[in-house]
Structures are given as C-alpha cells and as structure tokens.
Amino acid sequence: DDDDDDDDDDDDPVPNVRPTLAPVPSPTPFPPCNVCGNGRSVNLSEARVRVEGFGMMKCGELERDGLNRRISPFECPLIPDQINSACGCNPPCNVCGNGRPVGNPNAVVSIPGEEPIRCRDLQTAGLAGSITPSECMIVPGFIRETCGCDPSTPAPTRPPTRPPTPAPVPAPVPFPPCNVCGNGRSVSLPGRMVRVEGFGMVECGELERDGLNRQISPFQCPLIPDQINSECGCNPPCNVCGNGRPIGNPNAVVEFAGEPAVRCEDLQAAGLAGSITASECEVIPGFIRDICVCDPSTPAPTRPPTRPPVPAPVASPVCVPVGKKGGKGGKKGGYGCSP
Numbered sequence: 001d002d003d004d005d006d007d008d009d010d011d012d013p014v015p016n017v018r019p020t021l022a023p024v025p026s027p028t029p030f031p032p033c034n035v036c037g038n039g040r041s042v043n044l045s046e047a048r049v050r051v052e053g054f055g056m057m058k059c060g061e062l063e064r065d066g067l068n069r070r071i072s073p074f075e076c077p078l079i080p081d082q083i084n085s086a087c088g089c090n091p092p093c094n095v096c097g098n099g100r101p102v103g104n105p106n107a108v109v110s111i112p113g114e115e116p117i118r119c120r121d122l123q124t125a126g127l128a129g130s131i132t133p134s135e136c137m138i139v140p141g142f143i144r145e146t147c148g149c150d151p152s153t154p155a156p157t158r159p160p161t162r163p164p165t166p167a168p169v170p171a172p173v174p175f176p177p178c179n180v181c182g183n184g185r186s187v188s189l190p191g192r193m194v195r196v197e198g199f200g201m202v203e204c205g206e207l208e209r210d211g212l213n214r215q216i217s218p219f220q221c222p223l224i225p226d227q228i229n230s231e232c233g234c235n236p237p238c239n240v241c242g243n244g245r246p247i248g249n250p251n252a253v254v255e256f257a258g259e260p261a262v263r264c265e266d267l268q269a270a271g272l273a274g275s276i277t278a279s280e281c282e283v284i285p286g287f288i289r290d291i292c293v294c295d296p297s298t299p300a301p302t303r304p305p306t307r308p309p310v311p312a313p314v315a316s317p318v319c320v321p322v323g324k325k326g327g328k329g330g331k332k333g334g335y336g337c338s339p
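Here is the structure:
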C-alpha cells in the first residue's frame, strides 16, 4: 500500500511558473528643435529647401518636425545655417535703412556677387527674413539712389498749406578705404586683368582705385588680397638670383614643377614686378642658379696690346767706281754701284 501511495505522489502535476518580464522603459523623446536657431521662426513656410539628412522639404514641414521632437539633438544644430535665408529665418531687413520704403519699386539694382533684382523684390526678401543681418547693413549703400530710398518731397497742391520741412537726410556713412593688396602694399601691374569674386574681370589698377575711393565694403575687402596678390604684382620685388645678382643668361629656359617653362629674363621681370610671392622667392635661386647663370665666372684679364718688334736698320748701298777713270764702263761708260 505504501508503494501505491508513493506512485500517486509522483503523478501529481508540476505547476508551470512564468517568469516576470522587466518593464520596458518608454523611449526618451528628443527635445524640441528650433530649426531657425535663437528662437526665430520660419517666415516662408512653403519655400522648399535641401537639408543634409532630410533631402528637399518644405520649410514649414521641417519646422513642425522640430517642434514635434522628431529631429535629434545631433542634427538640430546643423540645420539653421542651411535654411536661414531660404526659409526666411533672419529678422526683417529694411533694405533702404531707417525704415524708409523703396520709392522706385520697378528699378533693377545690382549688388556685387548677386544676380540683378528689382527693388520691390529685394524689399520683399528683406521683410521676409531672406537677408542676413550682415548683408542688411551694407545693402542700403548700394541701392539708395537706384531704388529711390530718399524720394524728394512733392510740391504742395494747395498754396495756403506750407509744406513741412523735411528732416535732414543723414549722409551715407562711407566705407573705410580698402587696401586691395593688403598690408599697405600697392599694385605694381595696374593694367593686368584679374577675376575677383563679386567684381568679375577687372583691371588691377581700377580695383585699387575703387578701394582707395571707399567703394569696396569692409566685408569684401579682406577677401581680395589672396585673389590678386600675384596677378596684380602686390608682392615685394623679388631678385630671383638672390643677393641682388642679375641673371647672366637671359635667354635660357627654366622649368619648375607644376609651372610652364619660362625664360630667365621673363622670370626676373616677374620677380621685380611683384608677381612672385615671398615664400616662392626664397626657393627660386636654388633652382635657377646654374641655368640662368646667377654666378658668372670672372672673365680672364685682358692682356695689354703687344707692340710690334722694331726692325733693325738696313745699311744704304755703297757705290764704287768701276771701269776706267772712275766710272766709264762699256762703250758709252757710266757709273756702277756695288753693295
């Protein structure tokens, strides 16, 4: 009987215990992203812009994704610079300055580095936030006359009414002088043509005059020297032989890695004209010294002229009488001489 009881105990079912799963934490949402930056808002929500990692999309849609926490904190800081102008994120810009509207909306104005644009469209772009604050500072100086930012006061229609005295218009603040070569240097090749960003092809001398006449903005001036240094001869004179020595073989041809072959006299002229940078001037003598004969050997001393030898004097012939009685010889006689 005891055995039967043991068998009954073995047949009892074992309870099935399921493990308790750890709670899955809910994903931490991204913080809101202000796609314009600095708390600014998109003003051109329907404009389309290409953003790295997002492709082409509407500015308003991108802004909503940021506010809805769909943009990671790693991507968010990279967006403002990509959309600032296209989405109108900048503060409104009054293109005339001092709150004045354009008086000639259909006029076309050209700003260096930009396509020609009507004054009305430029004003709209400024108010929509498509012009950066730094650009907004210099735009009035370029467009004031063309766009009619200071329209003259119309004559009064009623004689009894005295026209109001217009407030004095402040003179435009001139740009500071711009030294286009940089570091106080001057253009040595004024007739040379050079391409400068924002100015196109221009003569070096004309560009220098524009800078001295305050016609180049302080934002453009620092970008010019590196573009014109060699072409306009802004570098200090370079003696290509070194130590002030002139070349001794002007018609010889010398070659440098990455440069076309050049005659020694042309290379010397380029150096004296300022078309060779200071760093290049330091290494050139080692390349050209032998070919251009920068160390001509000292010529042999000139021998003084040799006098021709003085010939010995020749004795005059001595005449002696021959024949009878001192010189009668032959049939008719005569004098004969013997040396």
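Heads up: the sequence shown at position 206 corresponds to 206 in the numbering used here, and the numbers run straight through without jumps.
The beta carbon of each residue, even a glycine, is placed where N, CA and C say it ideally should be.
- Judged by pairs of C-beta atoms under 8 Å, the stretch 62 to 77 does not touch the stretch 109 to 126, as fewer than three such pairs exist.
- In the structure shown, the three-state DSSP call for E203 is strand.
- Following the DSSP letters along the chain, one finds G271 inside the alpha helix (DSSP H) bounded by residues 264 to 272.
- Per the coordinates, the alpha-carbon of C264 lies some 20 Å from the alpha-carbon of C232.
- The DSSP assignment places complete alpha helix (DSSP H) segments of no fewer than 4 residues inside the stretch 112 to 138 at 119 to 127, in order along the chain.
- P105 and F142 have their alpha carbons spaced roughly 15 Å apart.
- Put simply, the backbone Cα of G126 is about 28 Å away from that of E75.
- Counted as a single uninterrupted DSSP element, the stretch harbouring G55 is not any alpha helix (DSSP H) but the beta strand (DSSP E) occupying residues 55 to 58.
- When only Cα atoms are considered, P237 and P133 end up about 41 Å apart.
- Put simply, the backbone Cα of V51 is about 31 Å away from that of S217.
- DSSP places V196 in the uninterrupted beta strand (DSSP E) bounded by 193 to 196.
- In the pairwise beta carbon analysis, the stretch 30 to 40 is classified as touching the stretch 74 to 89: at least three pairs are separated by under 8 Å.
- Beta-bridge annotation (DSSP): V254 is paired with V262.
- Between the alpha carbons of V293 and V283 lies a distance of about 16 Å.
- Annotation for V187: no beta strand (DSSP E) segment contains it, and DSSP assigns it neither H nor E.
- Per DSSP, the continuous beta strand (DSSP E) segment holding V51 begins and ends at 48 to 51.
- Taking a contact to require three or more Cβ pairs closer than 8 Å, the stretch 220 to 229 and the stretch 237 to 253 do not qualify as touching.
- Only residues of its own chain outside the window of five on either side were considered, and among them C96, G97, D150, P172 have a CB closer than 8 Å to the CB of R144, listed in chain order.
- A contact is defined here as three or more CB-CB pairs under 8 Å, and the stretch 201 to 213 fails this definition with respect to the stretch 249 to 269.
- Close CB contacts of G182 within its chain, under the 6 Å cut and outside five residues either way in sequence, are with P225 (chain order).
- Taken through DSSP and simplified to helix, strand or coil, V108 comes out as strand.
- The beta carbon of S275 lies closer than 6 Å to those of S230, G233 in the same chain, with the five residues before and after it left out.
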